[in-house]
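Asker: So in full-length UniProt numbering, spot 67 of the sequence shown is number 67, and the numbers just go up one at a time. Don't be surprised by glycine CBs; every beta carbon is placed ideally from N, CA and C.
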Amino acid sequence: MKNIGKEKALQMLEQMIRVRRFEEGCLKSYQQKFITGFCHTYIGQEAVAVGAMAHLTPTDAYVTSYRCHAQGLIGGLTSREVMAEMFGKITGCVRGKGGSMHVFSKKNNYLGGHGIVGGQIPIGLGAAFALKYEEKEGVALTFFGDGASMQGTFHESLNLASLWDVPVIFICENNQYGMGTSNDRALANPQVSDFAAAYKMKGYEVDGMNLEASYKAFGEIIADCKKNSRPALVNVTTYRYQGHSVSDAGLYRTKDEVKCWKEKDPINSFYKSMEEQGWIDEEGYKALDKEMKAEVKDALDFAKESPWPPMDELTNHVYA
Numbered sequence: 001m002k003n004i005g006k007e008k009a010l011q012m013l014e015q016m017i018r019v020r021r022f023e024e025g026c027l028k029s030y031q032q033k034f035i036t037g038f039c040h041t042y043i044g045q046e047a048v049a050v051g052a053m054a055h056l057t058p059t060d061a062y063v064t065s066y067r068c069h070a071q072g073l074i075g076g077l078t079s080r081e082v083m084a085e086m087f088g089k090i091t092g093c094v095r096g097k098g099g100s101m102h103v104f105s106k107k108n109n110y111l112g113g114h115g116i117v118g119g120q121i122p123i124g125l126g127a128a129f130a131l132k133y134e135e136k137e138g139v140a141l142t143f144f145g146d147g148a149s150m151q152g153t154f155h156e157s158l159n160l161a162s163l164w165d166v167p168v169i170f171i172c173e174n175n176q177y178g179m180g181t182s183n184d185r186a187l188a189n190p191q192v193s194d195f196a197a198a199y200k201m202k203g204y205e206v207d208g209m210n211l212e213a214s215y216k217a218f219g220e221i222i223a224d225c226k227k228n229s230r231p232a233l234v235n236v237t238t239y240r241y242q243g244h245s246v247s248d249a250g251l252y253r254t255k256d257e258v259k260c261w262k263e264k265d266p267i268n269s270f271y272k273s274m275e276e277q278g279w280i281d282e283e284g285y286k287a288l289d290k291e292m293k294a295e296v297k298d299a300l301d302f303a304k305e306s307p308w309p310p311m312d313e314l315t316n317h318v319y320a
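Quick look at the structure:
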């Protein structure tokens with residue numbers, strides 16, 4: 001913990017709680033039909049994106065799948081901007097056009113959430129290629145789920161990344177299930193990092209339920225990637241507490257399994273570590289949690305009160 005420092009630790013704890021409370025707000029709003037369509041939450045996986053993105057600089061880029069709310073919040077979008085997008089309002093970060101699966105922010109180099117499984121992986125590769133081509137210092141973080149590792153775009157992107165020596169880090173958020181199919185039923189080798197050897201790049205295994213481990217590992221991986229302009233593949237072991245999407249009851253897994261993973265909760269474990277260091281106490285934690293709940297309530301109120309996009313917005317940003 002001393003390698004992180006109190007100020008950084010408090011910042012990351014706040015980010016994880018913000019994401020958790022925001023996603024809980026999305027769940028409730030979906031049930032109340034304020035949010036419609038698809039909605040995929042990040043509850044349980046907070047330590048992955050928080051630990052990785054803690055090391056990003058303004059020139060770095062990042063892209064992810066349809067489970068994309070967290071990266072937007074961590075990367076600098078406000079809870080109001082993201083929640084309004086969930087509601088399809090003009091005040092959203094994509095002016096109500098993206099919804100839950102397509103959070104995006106040009107100002108933060110967030111290349112968005114993508115609805116096609118594995119569709120974002122070549123985009124992350126392209127962002128890294130642009131950094132190298134334009135001789136800019138930086139790295140592109142490419143988040144995807146374990147199910148996407150079975151897609152052709154995954155293997156094609158790893159091949160080109162290694163061939164061209166581009167600074168991209170492929171981050172497999174291995175939450176044990178591709179929709180409702182467990183890894184052991186779909187992947188010949190669930191340890192996705194093993195694919196790195198086939199493409200002559202470094203492969204890593206990271207505990208995604210432990211923020212301290214995630215932060216330390218990604219700090220080293222990102223530094224190495226920038227220094228050598230070489231890609232890397234990271235398999236991050238994590239778990240989503242909810243179903244694949246809000247409409248998924250998760251009947252394919254047992255209550256005992258979910259309970260077992262929740263005992264490793266990344267927020268609770270990191271808070272306990274901070275408490276041991278004397279950096280926060282129960283009163284301080286409750287105050288921070290209360291602040292994040294108030295922030296999410298404000299975002300929900302803002303989203304509800306915001307106007308819908310006008311009709312002429314339909315043809316705005318259409319190029320073909």
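(1) Can you tell me the Cβ-Cβ gap for S214 and E205, rounded? I've got them flagged as a contact below 8 Å.
(2) Express the C-alpha separation of W308 and E212 in angstroms, rounding to a whole number.
(3) What span of residues does the beta strand (DSSP E) with K202 cover, start to end?
(4) Rounded to whole angstroms, what is the Cα-Cα separation between E291 and F22?
(5) Residue ranges of each beta strand (DSSP E) run of no fewer than 3 residues wholly in the region 161-190, ordered along the chain?
(6) Where does L314 fall in DSSP's three states?
(7) Could you give the uninterrupted runs of the alpha helix (DSSP H) lying entirely in the region 32-79, keeping only those of 4 residues or more?
(8) From what residue to what residue does the alpha helix (DSSP H) around C246 run?
(9) What's the gap between the Cα of K89 and the Cα of A303?
(10) How is the beta strand (DSSP E) around G94 delimited, first residue to last?
(11) For Y133, which of helix, strand or coil comes out of DSSP?
(12) Grouping DSSP H, G and I as helix and E and B as strand, with all else coil, what is N3?
(13) Quick check: does the Cβ of D146 come within less than 7 Å of any heavy atom belonging to the ligand HEM?
(14) Contact check, L251 vs F195 under 8 Å by CB: the rounded distance?
(15) Extract the residue ranges of the alpha helix (DSSP H) inside the region 231-296, only unbroken runs of 4 or more that lie entirely within it.
(16) Please list, in chain order, all residues of the same chain as A249 whose beta carbon is under 7 Å from its beta carbon, the five residues on each side excluded.
(17) Note the first and the last residue of the continuous alpha helix (DSSP H) segment covering F218.
(18) According to DSSP, is G152 part of a helix, a strand, or is it coil?
(19) Pull up the distance between the alpha-carbon of I221 and that of A52, whole angstroms please.
(20) Determine whether the beta carbon atoms of M83 and A294 lie at a separation below 8 Å.
(21) Name the one or two DSSP bridge partners that L141 has.
(22) Could you check if M179 is buried or exposed, using at least 16 other CB atoms within 10 Å of its CB as the buried criterion?
(23) Counting along the chain, where does the alpha helix (DSSP H) carrying F195 start and finish?
(24) Under 8 Å, do G96 and E85 count as touching if we go by C-beta distance?
(25) Rounded to a whole number of angstroms, what is the C-alpha to C-alpha distance between M297 and G25?
(26) On the DSSP bridge list, what partners appear for S306?
(27) What does a CB cutoff of less than 8 Å around A186 pick up in its chain, not counting 5 residues either side in sequence?
(28) Output the distance between the C-alpha atoms of T254 and N316, rounded to the nearest integer angstrom.
(29) Flag this pair as yes or no: are the beta carbons of M16 and V50 separated by less than 8 Å?
(30) For T68, which residues in the same chain have their Cβ closer than 6 Å to its Cβ, ignoring the five residues on either side in sequence?
(31) Just to confirm before moving on: does the CB-CB distance between residue 333 and A127 stay below 8 Å?
(32) Whole angstroms are fine: how far does the CA of S273 sit from the CA of Y133?
(33) So, with DSSP's three-state summary, where would you put Y110?
(34) Would a C-beta distance cut-off of 8 Å place C39 and V258 closer than the cut-off?
Answerer: In short:
(1) Here residue 214 refers to the residue found at position 214 of the sequence shown. Here residue 205 refers to the residue found at position 205 of the sequence shown. Contact doesn't hold; Cβ gap of about 12 Å is too wide.
(2) What you label residue 212 is simply residue 212 of the sequence shown in a count that begins at 1. What you label residue 308 is simply residue 308 of the sequence shown in a count that begins at 1. Here the C-alpha atom of E212 lies approximately 41 Å from the C-alpha atom of W308.
(3) Mapped onto the sequence shown, residue 202 falls at position 202. Element bounds for K202: 202-207.
(4) Translated into the one-based positions of the sequence shown, residue 291 becomes position 291. Translated into the one-based positions of the sequence shown, residue 22 becomes position 22. If you draw a straight line from the Cα of E291 to the Cα of F22, it comes to about 12 Å.
(5) For the beta strand (DSSP E) assignment, the uninterrupted runs of no fewer than 3 residues enclosed by the region 161-190 are, from N- to C-terminal side, 168-174.
(6) Stepping through the sequence shown from its first residue, residue 314 is reached at position 314. Helix at L314.
(7) Those alpha helix (DSSP H) runs which fall completely within the region 32-79 and span 4+ residues are 46-53, 69-75.
(8) Residue mapping note: residue 246 aligns to position 246 of the sequence shown, counting from 1. A quick correction: the sequence has Val, not Cys, at residue 246. Run containing V246: none; DSSP gives neither H nor E here.
(9) For the purposes of this step, residue 89 is taken as residue 89 along the sequence shown, with counting starting at 1. For the purposes of this step, residue 303 is taken as residue 303 along the sequence shown, with counting starting at 1. A straight-line Cα-Cα distance of about 7 Å links K89 and A303.
(10) Counting from one through the sequence shown, the residue named residue 94 turns up at place 94. The question names Gly, but residue 94 is Val in the sequence shown. That residue, V94, is in no beta strand (DSSP E); it is neither H nor E in DSSP.
(11) Locating residue 133 in the sequence shown gives position 133, where the first residue counts as 1. Helix, per DSSP.
(12) The count along the sequence shown starts at 1 and reaches residue 3 at position 3. In the structure shown, N3 sits in coil (DSSP, three-state: anything other than H, G, I, E or B).
(13) You won't find the ligand HEM in this model; it holds no ligand whatsoever.
(14) As a first step, residue 251 is located in the sequence shown; it is residue number 251 there, counting from the start. As a first step, residue 195 is located in the sequence shown; it is residue number 195 there, counting from the start. L251 to F195, Cβ: 31 Å. No contact.
(15) The region 231-296 contains these whole alpha helix (DSSP H) runs: 255-262, 266-277.
(16) Counting from one through the sequence shown, the residue named residue 249 turns up at place 249. Excluding positions up to five away in sequence, the list reads G243.
(17) The sequence position of residue 218 within the sequence shown is 218, counting from 1. It spans 211-228 - the alpha helix (DSSP H) in which F218 sits, taken as one unbroken run.
(18) Counting from one through the sequence shown, the residue named residue 152 turns up at place 152. Looking at G152 - three-state DSSP - the assignment turns out to be helix.
(19) Here residue 221 corresponds to residue number 221 of the sequence shown, with the count starting at 1. Here residue 52 corresponds to residue number 52 of the sequence shown, with the count starting at 1. Going by C-alpha positions, I221 is about 9 Å away from A52.
(20) Taking the sequence shown and counting its residues from 1, the one referred to as residue 83 is at position 83. Taking the sequence shown and counting its residues from 1, the one referred to as residue 294 is at position 294. Between M83 and A294, the CB-CB gap reaches or exceeds 8 Å.
(21) As a first step, residue 141 is located in the sequence shown; it is residue number 141 there, counting from the start. Y62, I169, per the DSSP bridge assignment.
(22) Taking the first residue of the sequence shown as position 1, residue 179 is located at position 179. Flag for M179 reads exposed.
(23) Position 195 of the sequence shown holds residue 195. From DSSP, the alpha helix (DSSP H) with F195 extends over 195-198.
(24) For the purposes of this step, residue 96 is identified with residue 96 of the sequence shown, where counting begins at 1. For the purposes of this step, residue 85 is identified with residue 85 of the sequence shown, where counting begins at 1. At the C-beta level, G96 and E85 come within 8 Å of one another.
(25) What you label residue 297 is simply residue 297 of the sequence shown in a count that begins at 1. What you label residue 25 is simply residue 25 of the sequence shown in a count that begins at 1. Per the sequence presented here, residue 297 reads as Lys, with Met not at that position. Their Cα atoms are separated by approximately 8 Å.
(26) Taking the sequence shown and counting its residues from 1, one reaches residue 306 at position 306. S306 pairs with nothing; no bridge assigned.
(27) The residue labelled residue 186 in the question sits at position 186 within the sequence shown. Answer for A186: G147, M150, G178, listed in chain order.
(28) Here the question's residue 254 lines up with position 254 in the sequence shown. Here the question's residue 316 lines up with position 316 in the sequence shown. Between T254 and N316, the C-alpha separation is close to 47 Å.
(29) Here the question's residue 16 lines up with position 16 in the sequence shown. Here the question's residue 50 lines up with position 50 in the sequence shown. Yes, Cβ-Cβ distance for M16 and V50 is below 8 Å.
(30) Mapped onto the sequence shown, residue 68 falls at position 68. In the sequence as displayed, the identity of residue 68 is Cys instead of Thr. Closer than 6 Å at the Cβ level, and outside the excluded window around C68, lie V103, G113.
(31) Residue 333 lies beyond the residue range present for the chain, which begins at 1 and ends at 320; the question has no answer from this structure.
(32) Counted from its first residue, the sequence shown places residue 133 at position 133. Counted from its first residue, the sequence shown places residue 273 at position 273. For Y133 and S273, the distance between alpha carbons rounds to 42 Å.
(33) Stepping through the sequence shown from its first residue, residue 110 is reached at position 110. Under the three-state reduction of DSSP, Y110 is assigned to strand.
(34) Looking up residue 39 in the sequence shown gives position 39. Looking up residue 258 in the sequence shown gives position 258. Contact flag unset, no.
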